[in-house]
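As structure tokens, the structure follows; a few thoughts come after it.
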Amino acid sequence: MEELAGFVNGNVNRRKVLEILESKGASDPQRIAKIARLIPAATGKIIEELEASGLVQKTEDGKIDLTADGKIIIDYIRAL
């Protein structure tokens with residue numbers, strides 16, 4: 013758990029993407045980029061990293077959503 017928290021907190025934009033997904037729900041990558049004020053390529057890389065870590069997943073309609081682990085890690089980080 014601490015390792016994942018460190019991974020997320022190691023990059024402010026990773027945390028920002030997770031927080032956007034928590035507050036707005038499943039979103040398409042372009043919307044996430046716009047809300048986070050990131051370029052789409054950077055957002056895509058962050059999503060890939062978070063997906064590889066099991067914190068987000070692509071839904072059937074192509075949106076990005078938090079996994080159960082993603083929700084747990086957000087709560088864990090806020091409690092720190």
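The sequence shown runs 13 to 92 under this note's numbering. Just so it is clear, CB atoms sit at the ideal spot from N, CA and C, and this is done for glycine as well. Note that this is a predicted model, so its numbers are computed, not measured.
Is there contact between the stretch 42-60 and the stretch 80-89, where contact requires at least three CB pairs shorter than 8 Å? Taking 8 Å as the limit for Cβ pairs, the verdict is that the stretch 80-89 does not touch the stretch 42-60.
DSSP has Ile76 in a bridge; who is on the other side? In the DSSP secondary-structure assignment, Ile76 is bridged to Ser39, Lys70.
What's the gap between the Cα of Leu30 and the Cα of Leu92? Spanning the two alpha carbons is a distance of roughly 16 Å.
Compare the beta carbon distance of Ser65 and Leu16 with 8 Å and say whether it is the shorter of the two. Note that the C-beta distance between Ser65 and Leu16 is below 8 Å.
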